[in-house]
Every structure is written in structure tokens, then in C-alpha cells.
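Chains as they are written, first to last, in my numbering: chain U, 1 to 368; chain W, 369 to 736.
Beta carbons: idealized from backbone N, C-alpha and C, even for Gly.
Input: a single structure, listed below in C-alpha cells.
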DNA sequence: CAGTTTATCCAAAGCGCTTTGATGATGTTA
DNA sequence: TAACATCATCAAAGCGCTTTGGATAAACTG
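Now the structure itself:
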């Protein structure tokens, strides 16, 4: 009896699979599709790709059949024929020393992805160790895998830029590489200005001992932030204290560690500028651990990339912050790259996004 | 004089570019390479792909020339000829309602990427809105774009699983989909057991009012965690309080919000279990804000995915945590998928990773 | 009605690679 | 020396698509 039932089950399952087989699995190619329609491959291809030289009625018939038979062109073959792969490469460097994955990355990519999917592009992701970058870029650029590249995490005088320029493949850098003598397209936040403004804001509140807990300064953005920080002091003719400037990985833990160090000195800072919301969380923890109050005893400003899982309430955020959505940056970078891909002769373009200075509850007048 | 110098500069630059042109830009295909060697395409292809029927001396010559002339096979063409794309698709769902990018994602992908690059595979990333999943998967599966797929963020009874099964394409799910009647390969953390253990640990410490600040429970992992949580109570014949269980997005902000709510009631929890380190940070903030001490007045356990930018010190971590590296999970998932791709007939495999319970400073005996 | 467009459709070439089935060249055996 | 493996190489077919350069029929012109 139970045997019978299990036999039924098997039959049922097979039935189901057969059904699925017809409706979903069966993969047709252009040739089969066109034969089934009694048309040539040419006509079918044109009908599907919106060319004008095919009768509207025919186009309808073709499109219906394509949907019904589950036709989807093979991207490889199409790429071969058109010379375009309809894919964009994102290459993110993974440094062996501190093997941290940039938290920025997820949101940036989500933004870019949105642009791509609207245009029918795919995203090809490659992580690459510091050393073997060249080969990876070559591989990608080898006309065929991708039509364009987005460069993540540029460092000072980054070797990838001349390389990509010489490979003649469209690319957009997210961020900038300081002293590169070559021109290239980039999308960046105005790190210098936003940190200058943030610092000025603190100076205006009467703070003089302001600390900078920066990201690692072999990254370009970190340098610029420091430059902005320093230029604010210079503008006010105030001397910054070098012992209040450090650069560490932007983790909660290091933010905490550096803050503790600084607050335990004889002459602690009254304000701290942190290069990320994450390290800012560590800064706050350290302050509170010591029994001080954020925004009262110590003011804190962070840079907020608006990572989606670190949302701040709209009305009165916890942190006063220089704010700029990295997700939007991803979208914009992708848009720019698409433009370059469509029109490879056009000149490199530079997009400088301004960060807002959003005042939250973590800043107040300097204690006296 | 300065004019002369600038002319020299221009000449020099052009020279440099010309050199680059030869060494980097010039893209050769198999035909050109083989002609320059006086060999047939067949032989060259075989030499490069390690086939035995070519003389070792010839192979050397070919390999040298390939390197020198900067030859790299066109992946599209190769894919056409071999029927394999040497690419793996990662599809991550983006829900329109709460458009949060899963922070897990960056690290998971970094782990997987490591596996791929060792095997010569690329990673094709697609973000897809909840609705149009089917078409995206079909597109990808359309033999050609990718050889296999990794499914992220499975929900309860996820429709993607029967779909992919019927498409007959190898895939691995990161996580599980509860009541799916189909078999499929997955890699998951033993969420149930780890949350059961964590809860038992708290019960052992004398806690009775234990809160669970879970992730959104349309995600499978969140359900399992709750099940583990409840089973620990059941095992000890203790009644859990439903008002102490909530499920929210796993952000710092929501962790804080929920904790504040709970601590302000008449009968607050003495311990809190948080589904992520990020929401755990919010939990801690709330506790300290109220003037209580973590690990003393309120114990906290979090689940720690070991995200690289949320590292905890090795010796005595801040948080007692159920710990399991999502990066390693990425690597393992990719390994499994590679195996399935190489051998499509093999049965679905299930890998259940155990999380360690690491004791840190955030837990202590229940206050009395 | 011949001549010329115009509207539809098609055959075949070609994108760059792998792979099958042959072809010489070389060495081995009877 | 004929017969036969063995080794190293090659020509050509084919993967699935786009696109060029017709071809055919219908419509329009004068």
C-alpha cells in the first residue's frame, strides 16, 4: 500500500518535471526559433532587436514566439558578433596586509547595478590582490569580457590609471589618484572641502584641540581629508597638534582604540573628526566608557557614506556628519561609464560631489 | 629654451605612448598569433591549453609569443566553442520596501571570489528587485552567461529554488529556504543550534527575562534563530515572554530603538540576544544611555558574522557572540558550486557550519 | 506599361575560439 | 623495403549571433 503510494509519488514527480521541462528548461537558439516560425534568422534577429525593416505584424509574431519558447540570445555569441560584451567590470583591490573588505563596496555596487540593469548591462566583479593587478586588468580589457571598467579604491599615483589608459578601454575611477599626470574620468566626493567645512564648524564652536581619526593614508581620499582638515586650521591661523592626527583602519575597534589613547593624555582633544561612521561608533564608545558625554565633553563629527545598514534618523541624527551617499555615487559613476562606452572618443569627465554638513547631536560648543 | 624643452616633452610622451601601444594596447587574436608563429590555430590553441599532442619545445615558443604579444583568448568566443562561460552568477535580491543592502554581502563575495580566481572563473553580479526575479534567472541560466549560480538571501519557501531546479543549472543557496519540498545544495550556519546554545548560556547564568532582537523574519535564518531561542526555553521548561521578541532590520538604529523600548517597560529584560553585531552596537548604546552597564545590568549576545570592518579583538572580545565567518562561508559555497559545475550529475549537497560561542565581556550572571 | 521606389525578407559571411578527422613525417617492425 | 604505429601538425567545421548585400514582390511614377 505504501509502496503503491510511493510509486504514485514518483510518477507525479516525473510528470511535474516533464512539464517543467517543456515550459522552462527547453532552451532554444535563434536557428530553432526561426525555423519554427518559418522565417530566416535575419528577420527574427531584426524583429527582436527593433530594426525597422520588419513588418509590425511579423515582429509581434516573433516576439510572442520568443517569449513562448523561452528564447534568450546567447550573450557570448552576441558579443562575438557585435564586438560588445554588454558587461562592465568592477575591480576591487584586496590588500594582503590588512585584508579588510571595504564596507563602502556593497552600497556602491548596488547603486551601479541599478544603472546597469536599466541598460541591459551585466556586472563582472573581480577581487584582486595588490600584486597581480596588471594581469587582471589586461584579462578584462582583452576586448570581450567587459566594455568598460570601474576602478575602486585608488591609491596615490595609482599604476592602474596609466595601464588602463594604454589599454584604451573606457574606465571611471571612484575617487581620485593624487599625483597622476594622466587625465582620466572620475567621480569623487569633495573630501577636502567637506573636511575643511567640518573642521571650521568645530573651530567656530570654539574647539581648538581637534583630533582627526583618518582612514589609512595610502588611500587618496584620506589624504585629501587631512588636507582639508589642515587648511581649516591654516585659514584660522590656529596650530593643529600633530599628535592628534592618526590614521587607522576605519573599524569600530580602531576608532575606539585611538580615541582612548588620545583622551588619556594630559591634554586631550575636545573634538574628534572621524573618517567614517563605523569608526565614529568606536569613538563614541570610548568617550562614553570614560564617563564623558558626546556633544558636550567631546564633540564628534563623522563622514557618513549613508550605508544602508547604518541609517541615521532623518530629523536629528546622532552624529553631526559630512554626508554623501556612496550608493548615489555608484549610480553616477555607472552613468558616466555608460556614456564613455557609448562614445569612446569623448574626453575624460570629472564629477565632484559635494557632501552636506548635517548637524546632529554629537557636536556642541567647546567646554571651557 | 622652455619651448624646446616642451617639445622634447611632447616627443618623449609620444615615444612612451608608442611603446605602450606596442606592449599593451595591441590586441592580438589567435589567428594573428598563430600566423606570426608560422603555426596553425589548432596547434597554438592546444599548446596554450596544455594538450599533450604538441611538442614541448613548440609549446614553449607559443607560450612565450603569447605573453610577448599580449594574447588573451576572447572569453565569449571560447564560451561559444566550449559551451562553458567560466563565470558564476551571484544574484542578490533587493527588496523595494526596505532597500537595505545586506552588509554580509561584501565579505561573502570576497570569500567566493577567492575561490573563483584560483580556478579561472569570473563572477557576474546581478541585483534584482523582488518582482522580476524569474526573468533575471532565466536570462542568466540561458546557457551562456554563467555556468552556475549562487542564491543569496533565501526566503521562506523561496520560488527561486524550483525555478533553478527546472532550469537545470547548478546552484548553491547561501542559507536555506524553510519548507521547500525540493532538494537543493546549500551552505548554511546552524542558526538554530547556535541560538539555542546562546540562550542556554544565558539561562545558565540565571537570566529568565531574555529578549530576542531578531532580523526580519521573512528571512529564513531569522526564523531558525527564533526557533533555537524558543527551544532553549522549552528545554528548561521556562516560559519565554513574547513581548521580548521582536524582529527588525538589523541596523544600529533599530537595535537601539527596540532596546530602549524594552528597557523602559516595567519588567525589562536582563539579557538581550541580537541577530547581528551591528544591531548589537545599537543595543549597547541604548543600555549605556539609560545608565546601565553591559554585562552587568544587562547581558548581550550577538551573532558575529566576522565582517572584516567589525573585527573584535581576539583575546577578550567586547561581545559574547555566536561566531561564524561569512567570508569562509562564501569560499565554501563557491567550492561546492565549482564541484557541481564540474560534475552536474552529482547529488545536491548540504553543508552546515557550526558557529562557535565565544565568550566576551558583554555577559554576566543575572542581576538579582 | 516600363522604370523606379519601397517594403519585406533572406543567404551567407564573419566574429574568435575549440575540436574532429586527416595528413605528413618519423621511427619500428617483419 | 613494405607495412605499420607514433608523433606533430593542420584544414575545416561549428558554436549562436549580427550584419552586409542582395532578392523578391508590391506600390508608385510618368
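- As far as DSSP is concerned, residue 633/W takes part in no beta bridge.
- The beta carbon of residue 696/W sits no closer than 8 Å to any beta carbon of chain U.
- Non-local beta-carbon contacts of residue 396/W in its own chain, meaning distances under 6 Å to residues more than five positions away in sequence, involve 437, 439 in chain order.
- A direct Cα-to-Cα measurement between residue 562/W and residue 711/W gives close to 33 Å.
- Per DSSP, residue 148/U is one residue of the beta strand (DSSP E) stretching across 148–151.
- Bridge partners of residue 461/W according to DSSP: 496/W.
- Neighbourhood of residue 467/W in chain U, by CB distance below 7 Å: 308, in chain order.
- At a cut-off of 8 Å between beta-carbon atoms, residue 93/U makes no contact with chain W.
- Using beta-carbon distances, residue 539/W does not count as an interface residue toward chain U, since no partner is under 8 Å.
- At the C-beta level, residue 461/W and residue 501/W come within 8 Å of one another.
- Taking the beta carbon of residue 445/W as reference, the chain U residues within 8 Å of it are 76, 80, 144, listed in sequence order.
- Among the bridge pairs identified by DSSP, residue 122/U is matched with 87/U.
- Residue 171/U: member of the beta strand (DSSP E) spanning 171–174, first to last residue.
- As summarised for the segment 552–610 of chain W, the continuous beta strand (DSSP E) elements at least 3 residues long and confined to that stretch are 553–557, 578–582, given in chain order.
- In this chain, residue 701/W is not harboured by any beta strand (DSSP E); it is covered by the alpha helix (DSSP H) spanning 694–710.
- The DSSP-derived three-state label of residue 656/W is helix.
- Annotated three-state conformation of residue 724/W is strand, per DSSP.
- Along the segment 98–117 of chain U, the positions whose C-beta sits under 8 Å from a C-beta of chain W are 99, 100, 101, 102, 103, 105, 106, 107, 109, 110, 113, 114, 117, read in chain order.
- The contact set of residue 680/W on chain U, defined by CB atoms closer than 8 Å, consists of 253 in chain order.
- Annotation for residue 432/W: the continuous alpha helix (DSSP H) segment containing it runs 424–436.
- Shown in chain order are the members of the segment 287–301 of chain U whose Cβ falls below 7 Å from a Cβ of chain W: 288.
- Residue 619/W carries a coil assignment under DSSP once its states are collapsed to helix, strand and coil.
- By the Cβ neighbour-count rule, residue 177/U is buried, with 16 or more other Cβ atoms within 10 Å of its own.
- Residues 638, 664, 665 of the same chain have their beta carbon placed closer than 8 Å to that of residue 735/W, with the five preceding and five following residues left out of the count.
- Identification of residues in the segment 594–619 of chain W having a C-beta nearer than 8 Å to some C-beta of chain U yields 617, 618, 619, given in sequence order.
- Using a CB distance cut-off of 8 Å, residue 492/W counts as an interface residue toward chain U.
- Annotation for residue 528/W: the continuous alpha helix (DSSP H) segment containing it runs 528–535.
- Not one beta carbon of chain U lies nearer than 8 Å to the beta carbon of residue 518/W.
- Taking a beta-carbon distance threshold of 8 Å, residue 495/W counts as an interface residue toward chain U.
- Interface annotation, residue 263/U: not in contact with chain W, CB-CB separation never under 8 Å.
- Shortest Cα-Cα distance from residue 719/W to any of 601/W, 606/W, 558/W involves 558/W.
- As the crow flies, the alpha-carbon of residue 731/W is around 30 Å from that of residue 555/W.
- Between the segment 676–686 of chain W and the segment 516–533 of chain W there are fewer than three inter-stretch CB-CB distances shorter than 8 Å, so the stretches are not counted as touching.
- In terms of CA proximity to residue 332/U, 349/U leads the group 316/U, 58/U, 349/U, 323/U.
- Judged by DSSP secondary structure, residue 513/W falls outside any alpha helix (DSSP H); it is assigned neither H nor E.
- Around residue 112/U, the same chain offers 88, 90, 123, 150, 330, 331, 333, 334 as residues with beta carbons nearer than 8 Å, after the five sequence neighbours per side are excluded.
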